[in-house]
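Okay, so the sequence shown: first residue is 12 according to the working numbering, each after it adds one.
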Amino acid sequence: MKILVTNDDGIQSPFLYSLAKTVAASHDTIVVAPSDEQSWIGRAMTRRGRIDLAEVHDQFSCPAYSLTGTPSDCVNIALGYLCPEPPDLVLSGINIGHNAGLSFVASSGTIGAALEGALHDIPAIAASMYLDPNRFQRVDHARRELDSDIQSHVDQASALLGSFLDSFFEKHRPQYGQVHSINFPTDNLDAARFVRSRTAHTISQPLFERDGNQFRFCYKPLETRNSQSKPTDRETVHNGDISHTIFDYSNLCQ
(Lines of atoms letter the chains of each structure in order from A and count residues from 1; the text may use other names and numbers.)
(Lines give C-alpha, C1' and ligand atoms only; values in the text may rest on other atoms or scores of the structure.)
Protein backbone atom coordinates (compact mmCIF):
# COMPACT_ATOMS: atom_id res chain seq x y z
CA MET A 1 0.00 0.00 0.00
CA LYS A 2 1.24 3.52 -0.82
CA ILE A 3 0.90 5.83 2.19
CA LEU A 4 1.47 9.57 2.63
CA VAL A 5 2.32 10.37 6.26
CA THR A 6 2.04 13.88 7.71
CA ASN A 7 1.28 15.65 11.00
CA ASP A 8 0.82 19.08 12.57
CA ASP A 9 3.54 18.87 15.26
CA GLY A 10 6.32 19.21 12.72
CA ILE A 11 8.91 17.06 11.00
CA GLN A 12 10.99 16.72 14.20
CA SER A 13 8.19 15.13 16.23
CA PRO A 14 9.23 11.76 17.71
CA PHE A 15 5.59 10.71 17.45
CA LEU A 16 5.74 11.22 13.68
CA TYR A 17 9.03 9.36 13.45
CA SER A 18 7.66 6.37 15.37
CA LEU A 19 4.60 6.12 13.13
CA ALA A 20 6.57 6.58 9.91
CA LYS A 21 9.10 3.93 10.94
CA THR A 22 6.33 1.43 11.65
CA VAL A 23 4.42 2.13 8.45
CA ALA A 24 7.52 2.19 6.23
CA ALA A 25 8.45 -1.32 7.38
CA SER A 26 5.42 -2.73 5.56
CA HIS A 27 4.28 -0.10 3.06
CA ASP A 28 5.57 2.23 0.35
CA THR A 29 5.75 5.39 2.46
CA ILE A 30 6.54 9.06 1.95
CA VAL A 31 6.61 11.65 4.75
CA VAL A 32 5.73 15.29 4.09
CA ALA A 33 5.32 17.40 7.23
CA PRO A 34 5.56 21.03 8.38
CA SER A 35 9.01 22.32 9.25
CA ASP A 36 7.61 23.72 12.53
CA GLU A 37 4.68 23.01 14.83
CA GLN A 38 1.33 23.94 13.28
CA SER A 39 -1.13 22.90 16.01
CA TRP A 40 -4.66 24.33 16.32
CA ILE A 41 -4.66 25.48 12.71
CA GLY A 42 -7.39 23.30 11.24
CA ARG A 43 -7.37 23.03 7.45
CA ALA A 44 -5.78 26.44 6.92
CA MET A 45 -3.71 26.90 3.78
CA THR A 46 -1.05 29.46 2.91
CA ARG A 47 -2.82 32.05 0.76
CA ARG A 48 0.08 34.47 0.48
CA GLY A 49 3.82 34.12 0.72
CA ARG A 50 6.22 31.40 -0.30
CA ILE A 51 6.44 27.83 0.95
CA ASP A 52 9.93 26.31 0.99
CA LEU A 53 10.65 22.61 0.50
CA ALA A 54 13.56 20.73 2.09
CA GLU A 55 14.47 17.07 1.82
CA VAL A 56 15.11 15.36 5.17
CA HIS A 57 18.02 12.91 5.02
CA ASP A 58 19.06 11.99 8.56
CA GLN A 59 15.95 10.68 10.24
CA PHE A 60 13.59 8.52 8.21
CA SER A 61 13.92 5.19 6.41
CA CYS A 62 11.70 6.45 3.58
CA PRO A 63 11.59 9.60 1.43
CA ALA A 64 10.84 12.55 3.71
CA TYR A 65 10.34 16.27 3.16
CA SER A 66 9.55 19.33 5.25
CA LEU A 67 7.58 22.35 4.07
CA THR A 68 7.31 25.79 5.65
CA GLY A 69 3.54 25.59 5.41
CA THR A 70 0.50 24.20 7.16
CA PRO A 71 -0.41 20.52 7.44
CA SER A 72 -2.96 20.93 4.65
CA ASP A 73 -0.32 22.67 2.52
CA CYS A 74 1.87 19.61 3.03
CA VAL A 75 -0.79 17.19 1.83
CA ASN A 76 -1.84 19.37 -1.09
CA ILE A 77 1.72 19.88 -2.32
CA ALA A 78 2.65 16.24 -1.70
CA LEU A 79 -0.29 15.01 -3.78
CA GLY A 80 0.44 17.49 -6.54
CA TYR A 81 4.22 17.30 -6.73
CA LEU A 82 5.99 14.88 -4.39
CA CYS A 83 4.16 11.54 -4.49
CA PRO A 84 5.31 9.50 -7.51
CA GLU A 85 1.81 8.01 -7.69
CA PRO A 86 -1.43 8.87 -5.87
CA PRO A 87 -1.28 7.23 -2.43
CA ASP A 88 -3.80 4.68 -1.25
CA LEU A 89 -4.03 6.43 2.12
CA VAL A 90 -3.25 9.74 3.81
CA LEU A 91 -2.18 9.10 7.41
CA SER A 92 -1.86 12.09 9.75
CA GLY A 93 -0.27 11.84 13.19
CA ILE A 94 0.40 10.66 15.73
CA ASN A 95 -0.60 13.96 17.30
CA ILE A 96 0.95 15.02 20.60
CA GLY A 97 -2.31 15.29 22.53
CA HIS A 98 -5.82 14.08 21.85
CA ASN A 99 -8.29 15.31 19.26
CA ALA A 100 -11.42 14.15 21.02
CA GLY A 101 -14.45 16.41 21.29
CA LEU A 102 -15.88 18.72 18.65
CA SER A 103 -13.96 21.83 19.74
CA PHE A 104 -10.69 19.98 19.24
CA VAL A 105 -11.75 18.26 16.02
CA ALA A 106 -12.68 21.57 14.40
CA SER A 107 -9.34 23.13 15.39
CA SER A 108 -7.00 20.23 14.70
CA GLY A 109 -4.27 20.54 12.11
CA THR A 110 -3.89 16.76 12.31
CA ILE A 111 -7.49 16.22 11.26
CA GLY A 112 -7.26 19.13 8.81
CA ALA A 113 -4.41 17.38 6.98
CA ALA A 114 -6.39 14.15 6.79
CA LEU A 115 -9.40 16.09 5.52
CA GLU A 116 -7.27 17.55 2.73
CA GLY A 117 -6.58 14.01 1.61
CA ALA A 118 -10.24 13.03 1.92
CA LEU A 119 -11.22 15.98 -0.27
CA HIS A 120 -8.88 14.59 -2.92
CA ASP A 121 -11.00 11.42 -2.67
CA ILE A 122 -8.21 9.52 -0.91
CA PRO A 123 -8.94 7.45 2.22
CA ALA A 124 -7.74 9.35 5.28
CA ILE A 125 -6.91 8.56 8.90
CA ALA A 126 -5.95 11.01 11.66
CA ALA A 127 -4.31 9.56 14.78
CA SER A 128 -3.84 11.33 18.11
CA MET A 129 -2.82 10.43 21.66
CA TYR A 130 -4.29 11.67 24.91
CA LEU A 131 -1.55 12.61 27.37
CA ASP A 132 -2.23 13.35 31.01
CA PRO A 133 -0.88 16.77 32.12
CA ASN A 134 2.35 15.31 33.50
CA ARG A 135 3.16 13.38 30.34
CA PHE A 136 2.15 16.27 28.11
CA GLN A 137 4.57 18.60 29.90
CA ARG A 138 7.36 16.02 29.65
CA VAL A 139 6.77 15.59 25.92
CA ASP A 140 6.36 19.31 25.31
CA HIS A 141 9.66 20.07 27.02
CA ALA A 142 11.58 17.19 25.42
CA ARG A 143 10.04 17.28 21.93
CA ARG A 144 12.80 15.44 20.08
CA GLU A 145 13.94 12.82 22.61
CA LEU A 146 11.27 11.13 24.71
CA ASP A 147 11.62 9.46 28.09
CA SER A 148 11.77 5.69 27.68
CA ASP A 149 8.29 5.00 29.10
CA ILE A 150 6.64 7.50 26.74
CA GLN A 151 8.69 6.29 23.78
CA SER A 152 7.60 2.72 24.46
CA HIS A 153 3.97 3.82 24.67
CA VAL A 154 4.15 5.74 21.39
CA ASP A 155 5.85 2.81 19.64
CA GLN A 156 3.12 0.47 20.89
CA ALA A 157 0.44 2.86 19.61
CA SER A 158 2.20 3.00 16.23
CA ALA A 159 2.25 -0.79 16.08
CA LEU A 160 -1.46 -0.99 16.92
CA LEU A 161 -2.20 1.57 14.23
CA GLY A 162 -0.12 -0.44 11.78
CA SER A 163 -2.24 -3.50 12.55
CA PHE A 164 -5.38 -1.39 12.16
CA LEU A 165 -4.22 -0.42 8.67
CA ASP A 166 -3.76 -4.05 7.68
CA SER A 167 -7.50 -4.69 7.93
CA PHE A 168 -8.73 -1.14 7.29
CA PHE A 169 -9.89 -1.65 3.71
CA GLU A 170 -11.43 -5.02 4.55
CA LYS A 171 -13.55 -3.67 7.41
CA HIS A 172 -14.35 -0.23 6.00
CA ARG A 173 -15.25 1.27 2.68
CA PRO A 174 -13.80 4.76 2.83
CA GLN A 175 -15.80 7.31 0.90
CA TYR A 176 -15.17 10.81 -0.40
CA GLY A 177 -14.93 13.36 2.40
CA GLN A 178 -14.57 10.85 5.24
CA VAL A 179 -11.89 11.07 7.92
CA HIS A 180 -11.34 8.21 10.35
CA SER A 181 -10.12 9.69 13.63
CA ILE A 182 -8.22 7.50 16.11
CA ASN A 183 -7.44 8.57 19.69
CA PHE A 184 -5.14 6.52 21.92
CA PRO A 185 -5.32 6.61 25.74
CA THR A 186 -2.46 7.94 27.82
CA ASP A 187 -1.16 4.57 29.04
CA ASN A 188 -1.64 0.78 29.27
CA LEU A 189 -2.45 -0.20 25.70
CA ASP A 190 -2.09 -3.94 26.37
CA ALA A 191 -5.82 -4.46 26.89
CA ALA A 192 -7.08 -1.46 24.89
CA ARG A 193 -9.77 -2.08 22.27
CA PHE A 194 -10.74 -0.05 19.22
CA VAL A 195 -14.23 1.28 20.05
CA ARG A 196 -16.49 3.04 17.56
CA SER A 197 -17.36 6.33 19.21
CA ARG A 198 -19.17 9.59 18.61
CA THR A 199 -17.41 12.89 19.08
CA ALA A 200 -18.12 14.51 22.43
CA HIS A 201 -19.91 17.85 22.67
CA THR A 202 -17.20 20.09 24.13
CA ILE A 203 -18.30 23.63 24.96
CA SER A 204 -15.85 26.31 23.84
CA GLN A 205 -14.75 29.12 26.16
CA PRO A 206 -12.15 31.90 26.09
CA LEU A 207 -8.71 30.35 25.55
CA PHE A 208 -6.61 33.49 25.87
CA GLU A 209 -5.23 35.46 28.80
CA ARG A 210 -5.21 39.24 28.58
CA ASP A 211 -2.35 41.54 29.50
CA GLY A 212 -3.41 45.08 28.62
CA ASN A 213 -3.97 45.08 24.88
CA GLN A 214 -2.12 41.81 24.36
CA PHE A 215 -3.51 38.29 24.45
CA ARG A 216 -1.70 34.99 24.85
CA PHE A 217 -3.10 31.49 24.28
CA CYS A 218 -3.77 29.69 27.55
CA TYR A 219 -5.45 26.31 27.33
CA LYS A 220 -8.20 25.54 29.83
CA PRO A 221 -10.16 22.29 30.14
CA LEU A 222 -13.46 22.43 28.30
CA GLU A 223 -16.85 21.38 29.60
CA THR A 224 -18.09 18.14 28.05
CA ARG A 225 -21.73 17.23 27.63
CA ASN A 226 -22.29 13.52 27.13
CA SER A 227 -25.88 12.66 26.30
CA GLN A 228 -25.50 10.34 23.34
CA SER A 229 -26.27 6.70 22.73
CA LYS A 230 -22.80 5.63 21.63
CA PRO A 231 -19.81 6.25 23.90
CA THR A 232 -18.05 9.48 23.03
CA ASP A 233 -14.43 9.65 21.94
CA ARG A 234 -13.48 11.30 25.22
CA GLU A 235 -15.29 8.68 27.31
CA THR A 236 -13.65 5.88 25.35
CA VAL A 237 -10.14 7.26 25.79
CA HIS A 238 -10.62 8.03 29.49
CA ASN A 239 -11.84 4.45 29.95
CA GLY A 240 -8.52 3.19 28.58
CA ASP A 241 -9.68 2.18 25.11
CA ILE A 242 -8.94 3.54 21.63
CA SER A 243 -11.67 5.66 20.08
CA HIS A 244 -12.50 5.31 16.38
CA THR A 245 -14.73 8.08 15.07
CA ILE A 246 -15.74 8.60 11.44
CA PHE A 247 -16.30 12.19 10.31
CA ASP A 248 -18.26 12.39 7.07
CA TYR A 249 -17.74 15.88 5.71
CA SER A 250 -19.80 15.08 2.61
CA ASN A 251 -22.94 14.97 4.78
CA LEU A 252 -22.53 18.16 6.80
CA CYS A 253 -25.82 19.63 5.57
CA GLN A 254 -28.00 16.55 5.96
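For glycine and all other residues, C-beta sits at the position ideal for the given N, C-alpha and C.
Query: Buried versus exposed, by CB contacts within 10 Å (16 or more), F26; Result: buried
Query: Contact under 8 Å by Cβ, L200 with L171; Result: yes
Query: Distance between beta carbons of N106 and N18, contact taken as under 8 Å; Result: 7 Å
Query: Cβ-based burial, A146 [other Cβ within 10 Å; buried from 16]; Result: A small correction: the amino acid at residue 146 is Arg; Ala does not occupy that position in the sequence shown. The residue in question, R146, is buried, as its Cβ has 16 or more Cβ neighbours within 10 Å.
Query: Contact the stretch 80-92 vs the stretch 121-132: 3+ CB pairs below 8 Å; Result: yes
Query: Counted within 10 angstroms of its Cβ, other Cβ atoms place Y230 as buried (16 or more) or exposed; Result: exposed
Query: Start-to-end residues for the alpha helix (DSSP H) that takes in I122; Result: G120 to A129
Query: First and last residue of the uninterrupted beta strand (DSSP E) at Y76; Result: A75 to L78
Query: For M140, the residue or residues it bridges with in DSSP; Result: I107 and F195
Query: Residue from Q148, I122, T57 and P144 whose Cα sits closest to the Cα of D138; Result: Here residue 138 is Ala; the residue named in the question, Asp, does not match the sequence. Comparing Cα positions, the closest option is I122.
Query: Beta-carbon proximity check, F226 vs E220, cutoff 8 Å; Result: yes
Query: Contact between the stretch 26-35 and the stretch 47-57 (3+ Cβ pairs under 8 Å); Result: no
Query: Segments assigned beta strand (DSSP E), at least 3 residues, entirely inside the stretch 27-52; Result: 39-45
Query: Beta-carbon proximity check, S261 vs Y187, cutoff 8 Å; Result: yes
Query: Beta-ladder partner(s) of I14, from DSSP; Result: T40 and L100
Query: Contact under 8 Å by Cβ, D259 with T197; Result: no
Query: Sub-8 Å separation of R245 and A203 beta-carbons; Result: no
Query: Neighbourhood of S72 by C-beta distance below 6 Å, restricted to the same chain and skipping five residues each side; Result: A35
Query: CB contact flag (T256, S192, <8 Å); Result: yes
Query: Helix, strand or coil at Q216 [DSSP, three-state]; Result: coil
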